Each structure stands twice: as C-alpha cells, then as structure tokens.
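Numbered continuously in the numbering used here, the sequence shown closes out at residue 300.
I have placed the structure first, in the form of structure tokens, so that the comments after it can refer back to it.
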Amino acid sequence: MRELVILSGKGGTGKTSITSAFASLAENMVMCDADVDAADLHLILKPDFKVSSNFKGGYEAVINPDKCTGCGRCIEICKFDAVKELFEIDPIECEGCGVCVDLCPEQAIDFPEKLCGQWYISNTRFGPMVHARLGIAQENSGKLVSLVRQEAKKIAEKGNFDLILTDGPPGIGCPVIASIGQATAILIIAEPTVSGLHDMERVGQLSKRFNIPAMVCINKFDLNLDQTKKIEEFAKKTHIAVVGRIHFDRTFTESMVQEKNIFEYNPDSQTGIEVRQVWDKILSFPLFNTPVANNILQHL
Ligand code: SF4
Ligand code: SF4
Numbered sequence: 001m002r003e004l005v006i007l008s009g010k011g012g013t014g015k016t017s018i019t020s021a022f023a024s025l026a027e028n029m030v031m032c033d034a035d036v037d038a039a040d041l042h043l044i045l046k047p048d049f050k051v052s053s054n055f056k057g058g059y060e061a062v063i064n065p066d067k068c069t070g071c072g073r074c075i076e077i078c079k080f081d082a083v084k085e086l087f088e089i090d091p092i093e094c095e096g097c098g099v100c101v102d103l104c105p106e107q108a109i110d111f112p113e114k115l116c117g118q119w120y121i122s123n124t125r126f127g128p129m130v131h132a133r134l135g136i137a138q139e140n141s142g143k144l145v146s147l148v149r150q151e152a153k154k155i156a157e158k159g160n161f162d163l164i165l166t167d168g169p170p171g172i173g174c175p176v177i178a179s180i181g182q183a184t185a186i187l188i189i190a191e192p193t194v195s196g197l198h199d200m201e202r203v204g205q206l207s208k209r210f211n212i213p214a215m216v217c218i219n220k221f222d223l224n225l226d227q228t229k230k231i232e233e234f235a236k237k238t239h240i241a242v243v244g245r246i247h248f249d250r251t252f253t254e255s256m257v258q259e260k261n262i263f264e265y266n267p268d269s270q271t272g273i274e275v276r277q278v279w280d281k282i283l284s285f286p287l288f289n290t291p292v293a294n295n296i297l298q299h300l
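Right, dumping it as structure tokens:
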C-alpha cells in the first residue's frame, strides 16, 4: 500500500484543490485530511460521517471549589498567568504543566485529560475518508495528525485499498513531520514566488531528513515564469522530481465555490488537463509504485 502526502510551505497554494482533484483520478483509495488545524477537504468532499471520536491530548488544571481554601499559592506559582481571580483557571492559558496540581496544599486541583478535538471516519463519493477537527487554540496537532494517518492505514489494510491520499498540513513544523513519517512519497505544491522557492527548499530538506522521495508541482506557474524556472532548477539540483506545472486558472476557484473538484466541474478545462498530466507523472515514477529508497530519484 502506498501513501502520497501532499504538502506546501504555506496555506493558499492550491494544495487542497489539487488533492481533491486527485481523488477523482485515484483508484481504490482512502482519503486522509491531515491538515487538522485548518481542515477544508470536507468542504469539497462532503463526507457522510460514520464514526466520530473524541481526541484527547495533554491535561488541564481545574480547581475544585469544595476543597479550595483560597490561599492563593496557585496564582503565585503559575508561570503562565492561567489562574485568574476567584481561583478559576483559564483553560486557554493553562499549559497543563501540572505544577499547581503538585503544589496545592489542599490537593484541590484536578488534572483531567483535555478534550482537544474530534476525529471522524466518513464515506465520500470517492471512497472512505479519515479527517479531524482540532478545537480552537488547542495544541497537540502533531499527535492528531499521527492518529488520522494511523486510522487511514487501518482502513486501507482492512479494505485492501492500494493508496492513501493525504492532504498534509502547511509549513515544516511538528504536524508536517507527523504527516510524512513512513510515507511512500511527498508531493510539494509550490507557488512561483520567492517565498514559494524558500518553502519548497525547507520541505525538501525535511523529506531528505526522513528519507522520503519528494516531487514538486508548480501551481499558477504562469504568474512568474522566472521564479518557476528557479524552482525547477533548484528541484533538479536537490533531487526533487518535477512532475508538472499548472496554469493560473479561475476555473479552479469556480469549481471550489461550487463545492466540486475540477473534474466534476470542468474536466476539459486547461487546469483539468494539467492536473491529469501531473497525476500521470506521479504514477509513472517507479518510486511511487514500489516502496524503494529515494536514491532512485537521483537517477531520474
Ligand atoms: S493553591 Fe489550592 S487551595 Fe490554594 S487557592 Fe489554589 S487551588 Fe485553592
Ligand atoms: S497546570 Fe501549569 S499552566 Fe495550568 S494552571 Fe497549573 S501551573 Fe498554570
């Protein structure tokens, strides 16, 4: 079973639009939305929720008013100013360090696990999908990313699916690291800007550190041809396979507004043709058909 993780250095590059378009082209596949901080694949795929589970991560301090004597020790010792007047703990400010729990002279502070969000297993018109929603201002998104990927893998193994298509988080932080471990390959969606090049460089370095083969596709390439060429040159130098270019095309945005992917909205559009070419190129790479080491890329 293979897993393709689609990444971008930042949000707004077209990553989710392209991932949802791939859903129309991929066969026997499980979708996984690992962009848990700003999940939006569901807006297009319209999942039919089948299973919903709580995601707990970390702990939060809660004062028990029946035991609290109001000594004020917790206000003094909390380095995060999470304990407010009248001895209430602000759940947003509380970092869950547990210091007040240990030092409260009355053992008046409970320390339950924190509810950070929900994760779901759903059906979509393209196949099963695992996705999640992280609560506002909640942390532990890396842990939630690992969880949704594990669940997608279980479904794929149980149902004999060949492929997991993972919409990864933007950036290069902890959630991205959690989204790429043991993936078959990653696809970077880059924009032709100076920051687009820099972002691709950073994601490329990450892929090397984890020994995951990387490919790049330049979206809206015609907005800056010089920068597109720089991205492609850099990719070739660093053994990131260039799998195509996609024009800037308003049809892409229009399809999103209609809550459809490009193949459902206008399959014969230029964007539709280019996305199909990118997909064919991804599939044609040996590294994506067998779990081989990424040194194969160096010979492409
Ligand atoms: S340290 Fe314990 S007893 Fe003292 S104010 Fe805080 S919760 Fe109440
Ligand atoms: S658990 Fe830590 S951060 Fe939360 S209120 Fe207690 S001391 Fe402050």
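In this text, a Cβ means the ideal position worked out from N, Cα and C, and glycines have one as well.
Small disclaimer: the values here were computed from a predicted structure and weren't measured.
(request) Identify, in the order they occur along the chain, each residue of the same chain with its Cβ nearer than 6 Å to the Cβ of Gly11, setting aside the five sequence neighbours on each side. (result) Pro170
(message) Is the beta carbon of Asn224 closer than 8 Å to that of Thr193?
(response) Their beta carbons are under 8 Å apart, which means Thr193 touches Asn224 by this criterion.
(message) With H, G and I counted as helix, E and B as strand and the rest as coil, what does DSSP make of Gly127?
(response) strand
(request) Go to Pro170, then tell me how far its beta strand (DSSP E) extends in each direction, as first and last residue. (result) Leu163 to Pro170
(message) Among the candidates Lys236, Lys208 and Gly57, whose CA atom is the shortest distance from the CA of Asn143?
(response) With the sequence shown as reference, residue 143 is identified as Lys, and Asn is not the correct amino acid for it. Residue nearest to Lys143 within the set Lys236, Lys208 and Gly57 is Gly57 (criterion: CA-CA distance).
(message) Please determine whether the Cβ atom of Thr77 lies at a distance below 7 Å from any heavy atom of ligand 2.
(response) It is Ile, not Thr, that sits at residue 77 in the sequence shown. Ile77 Cβ: within cutoff of ligand 2.
(message) Going by the DSSP bridge assignment, what does Asp33 pair with across the sheet?
(response) Answer is Asp167.
(message) I'd like to check one pair, Ala82 with Cys94: are the Cβ atoms closer than 8 Å?
(response) yes
(request) Within the segment 184 to 267, note down every full beta strand (DSSP E) run reaching 3 residues or more, in order along the chain. (result) 185 to 190, 214 to 219 and 241 to 246
(message) If distances are taken between C-alpha atoms only, which option among Leu25, Tyr265, Phe55 and Ser17 comes closest to Val42?
(response) Just to set this straight, residue 42 is His in the shown sequence, not Val. When each option's Cα is compared against that of His42, the closest is Ser17.
(request) In the DSSP assignment, find the beta strand (DSSP E) that holds Asp48 and state where it starts and stops. (result) Secondary structure note for Asp48: its beta strand (DSSP E) is the uninterrupted segment Asp48 to Tyr59.
(message) Taking 8 Å as the threshold (C-beta atoms), are Thr184 and Glu60 in contact?
(response) no
(request) State the DSSP-derived secondary structure class of Ala293, mapped to helix, strand or coil. (result) The predicted position of Ala293 is uncertain, since its pLDDT is 43 and thus under 50; no value can be drawn from it.
(message) Restricting to Cα atoms, I'd like to know which of Arg73, Ala23 and Glu113 is closest to Thr124.
(response) Ala23
(request) Verify whether the separation of the beta carbon atoms of Glu274 and Gly244 is less than 8 Å. (result) The Cβ atoms of Glu274 and Gly244 sit closer than 8 Å to each other.
(request) Closer than 7 Å by C-beta to Gln277: which residues in its own chain qualify, once you throw out the five before and the five after it? Chain order, please. (result) The residues are Gly244.
(request) Enumerate in chain order the residues of its own chain whose CB-to-CB distance from Asp35 is below 6 Å, with the five nearest sequence positions on each side excluded. (result) Asp167 and Pro169
(message) On a Cα-Cα basis, can you pick out the residue from Leu187, Lys153 and Ser52 that is closest to Met29?
(response) Lys153
(request) Out of Glu27, Pro47 and Ala26, point me to the one whose CA is closest to Asp33's CA. (result) Pro47
(request) For the beta strand (DSSP E) holding Ser8, just list the boundary residues, first then last. (result) Arg2 to Ser8
(request) Determine the direct distance from the alpha carbon of Leu165 to that of Thr19, and round the result to whole angstroms. (result) 8 Å
(message) What does DSSP give as the partner residue(s) for Asp110 in the beta ladder?
(response) Val62
(message) By alpha-carbon positions, which one of Val101, Ser179, Ile172 and Glu27 ends up nearest to Glu151?
(response) Ser179
(message) Using DSSP's beta-bridge definition, name the partner residues of Val301.
(response) Coverage of the chain is limited to positions 1 through 300, which leaves residue 301 absent and any answer about it impossible.
(request) Answer with buried or exposed for Gly127, where buried requires no fewer than 16 other C-beta atoms within 10 angstroms of its C-beta. (result) buried
(message) Mapping the DSSP letters down to three states, classify Cys97 as helix, strand or coil.
(response) coil
(message) Applying the 10 Å Cβ sphere with the 16-neighbour rule, what's the burial state of Asn219?
(response) So Asn219 counts as buried.
(request) Would you tell me roughly how many angstroms separate the C-alpha atoms of Ala21 and Pro91, rounded to the nearest one? (result) 39 Å
(request) Within 10 angstroms of the Cβ of Pro175, are there 16 or more other Cβ atoms? Answer buried if so, exposed if not. (result) Looking at its Cβ environment, which holds 16 or more other Cβ atoms inside 10 Å, Pro175 is buried.
(message) So, at 7 Å on beta carbons, what are the nonlocal neighbours of Ile172 in its own chain, with the 5 sequence-adjacent residues on each side left out?
(response) Arg202, Val203 and Leu206
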